[in-house]
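Residue numbers (this note's numbering), protein chains in the order written: chain C, 4 to 423; chain R, 4 to 423.
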């Protein structure tokens, strides 16, 4: 069947043609369809059997950016990437990736587990929900996928074939432009809070040290094929409840620098932290929540680096490579692992900073602060984010511990009421 | 015509079928064929019209490593890479790449300009020939090709397609194993001068700082798709005479770190330098020649970085990018260029060091020292090379100028007689 754009009316007829769906649903007449996509890029439907309660999510890519329309063409190839990236992430970190029931590159369709009992993390962070297991889960996901898909784990041949397979020209270009370029120049595509002072904008766009540092991060993003990264791992790509954490929407996946994923998580948690400092910042609840956010950031990096190290040492002891097989060889390997993680930490800080700044200055905002209607208060948050991020990107190699980064956040946060 | 291995007997019949050769040679009966390959990897023939003097070189890849035979399969894909890399280098640096008259991926054949008036640089260095224009030529070639094929010059889309096109799995694996792995471990593939002290070998293979540094360089080689590099740019891949310099044999080309090419040139010149310190080292000729070698190294880096900077600034002033378009923006860009070249200098030193060590400890030797029959003298040269290279790779980020690196060479060289 040649490619056809589905609709709420035609989805069920399409499902009836698929053996995988025949096995899942006993009665197609009992199915209902609900369109649930946020409507930006793709079409997303929930299909549910109201008798059994069984439901699935169907996602279809159209050959343009949905929120703009056919005037903004975007290759359906992104769905091939998303399908392959979901399958790869599922292989390495099964607990944190939804089950995939069916996929078709011809129809640009993937049908997967309905995470009906989970919600997008960003919205839950805005509401102030605590997730005690989140740091553990997301650090596992990142250690599993980033170590697993790198040269540290794969054969040289397999990895190179994956680099080719995951070449994602169109969506990388979007990131290069909208994450690393437009926000850092006087570009008509940008979108500023009218109350954001020009001095804050200039601090990013006309500041030599920041410009050079961001150019270095952009070049690294474009050149460093370190692992299969998710490529868009902000808190809007994560679904959580109190017991589980899932990573979704890997259409930006490609072989890039690991720190871009780790930095996306951490940078977006700092955005939540600065935003919460405004939201009823004097209340004990808000003080506690900000403390939980910073503690989560600390736990994510600490646990990630521990798990990454463990996987590496396990892999090395099972390998037949001669490289570290001599007296004290494993001690030397540990020095290498530490230097590797030290570089990755600097990358993480640099990429986190770019993602923080782009949310303030670029076209794509995040609800954490953009939904705040008091524009002066919002400008205050945005200025804090810019102040922290500019310092981070320029000095990214000078931080020795995640505690130092958290200390910078507290110090930068003019709204911070936490003491001690 | 399906793929057929040519021979000295069948080459001329093959040429008669090619319109490009009909245009070049008026009388096929006047042609003579000479096999001139060194016999390691491919077959190479010189075909000459003895009346007109016109001649060409025909190179054909066979589906195995020629010097071993069919028991060592090696995909003919390497000739597709060589053809594409020759064409690309010719586009960016026409004066330093031979003309290509004809190529066929089906036959794994390329027919190109006969550089009959030129000789392989390594042999000429061993003989002590001075090439006053070499630093100028090779620095132009490297600035042209490395800048031209990078993200600094190409569009993001075109560059990513080139990364895919130049994926060179088999030959990269050879470099990963024979340049970055085996020489640095107690591997049965290695080949040591029996007079080389075990302490010198252990200084590389059981030295934590060296092991970590080499692992970092290997990882960078495997992950950093910075530009289309030649991939094997030692002095055996360069043909020179007093007026011209040509780069040949780019079958190892892929998108990798620029410093691997610059380091290959410089590292092999240091090998020549240490080797010449033995060869009649007390004579004024030898002293002068070593001074020329060090001066050439200095000129190569200085001119390369100047030319690279010039190309970058030219490109930027012709571009419509907004990135550096603000007051003092070009000054900030210059800071970025300097930081870029500073990183590239560290890479260059690190890769040069790896290539120096691998020639001493790995299976593939170079005639500069390996043809010296006095094994004690040879071991002395090899020890000097190891002493310099181990210091270089560990401290690669600490050198500020190429003069500092030359000073290290003189200081390390126990055979050095140059003063002042």
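From the three backbone atoms N, C-alpha and C, an ideal C-beta is built for every residue, glycine too.
For residue i and chain R, any beta-carbon pair shorter than 7 Å?
i, result
"residue 91/C", "no"
"residue 16/C", "no"
"residue 423/C", "Here the model assigns residue 423/C a pLDDT of 33, short of 50, so the residue's position is not dependable and the matter cannot be decided."
"residue 190/C", "yes"
"residue 365/C", "no"
"residue 106/C", "no"
"residue 424/C", "Residue numbering for chain C in the displayed model covers 4 to 423; residue 424/C lies beyond these limits and cannot be assessed."
"residue 179/C", "yes"
"residue 218/C", "yes"
"residue 234/C", "no"
"residue 228/C", "yes"
"residue 148/C", "no"
"residue 172/C", "yes"
"residue 281/C", "no"
"residue 339/C", "yes"
"residue 163/C", "yes"
"residue 154/C", "yes"
"residue 168/C", "no"
So which of the options has the shortest CA-CA distance to residue i?
i, options, result
"residue 168/C", "219/C, 83/C, 68/C", "83/C"
"residue 404/C", "381/C, 249/C, 306/C, 27/C", "306/C"
"residue 153/C", "130/C, 259/C, 359/C, 216/C", "259/C"
"residue 68/C", "177/C, 103/C, 400/C", "177/C"
"residue 4/C", "107/C, 46/C, 272/C, 370/C", "107/C"
"residue 171/R", "233/R, 127/R, 115/R", "233/R"
"residue 371/C", "51/C, 20/C, 123/C", "123/C"
"residue 130/C", "395/C, 296/C, 416/C, 339/C", "296/C"
"residue 140/C", "334/C, 362/C, 302/C, 316/C", "302/C"
"residue 357/C", "110/C, 214/C, 134/C, 149/C", "214/C"
"residue 114/R", "72/R, 157/R, 185/R, 22/R", "22/R"
"residue 392/R", "48/R, 270/R, 229/R", "270/R"
"residue 316/C", "338/C, 304/C, 50/C, 132/C", "338/C"
"residue 48/R", "86/R, 118/R, 71/R, 375/R", "118/R"
"residue 44/C", "87/C, 410/C, 413/C, 71/C", "71/C"
"residue 31/R", "255/R, 102/R, 13/R", "13/R"
Of all the CB atoms in chain C, is at least one closer than 7 Å to the CB of residue i?
i, result
"residue 225/R", "yes"
"residue 159/R", "yes"
"residue 326/R", "yes"
"residue 116/R", "no"
"residue 206/R", "no"
"residue 353/R", "no"
"residue 379/R", "no"
"residue 211/R", "yes"
"residue 214/R", "yes"
Is the beta carbon of residue j closer than 7 Å to that of residue i?
i, j, result
"residue 244/R", "residue 80/R", "no"
"residue 352/R", "residue 311/R", "no"
"residue 173/R", "residue 262/R", "no"
"residue 208/R", "residue 181/R", "no"
"residue 54/C", "residue 35/C", "no"
"residue 364/R", "residue 308/R", "no"
"residue 238/C", "residue 408/C", "no"
"residue 63/R", "residue 111/R", "yes"
"residue 226/C", "residue 398/R", "no"
"residue 216/R", "residue 396/R", "yes"
Residue i and residue j look like a contact to me (Cβ under 8 Å); what is the Cβ gap, rounded to whole Å?
i, j, result
"residue 388/C", "residue 281/C", "Actually they do not touch by this definition, with Cβ atoms about 11 Å apart."
"residue 253/C", "residue 92/C", "6 Å"
"residue 473/C", "residue 198/C", "The shown model of chain C, from 4 to 423, leaves out residue 473/C, and the question about it has no answer."
"residue 336/R", "residue 190/C", "About 17 Å separates the two Cβ atoms, so there is no contact after all."
"residue 150/R", "residue 248/R", "The Cβ separation is near 18 Å, so there is no contact."
"residue 382/R", "residue 193/R", "Not confirmed; about 15 Å, so no contact."
"residue 75/R", "residue 175/R", "Not confirmed; about 17 Å, so no contact."
"residue 50/R", "residue 15/R", "7 Å"
"residue 231/R", "residue 148/R", "7 Å"
With contact counted as at least three CB pairs below 8 Å, one residue from each stretch, are the stretch 204-217 of chain R and the stretch 158-172 of chain R in contact?
no
Report yes or no: do the stretch 287-298 of chain C and the stretch 266-276 of chain C share at least 3 C-beta pairs separated by less than 8 Å?
yes
Is there contact between the stretch 92-104 of chain R and the stretch 134-152 of chain R, where contact requires at least three CB pairs shorter than 8 Å?
yes
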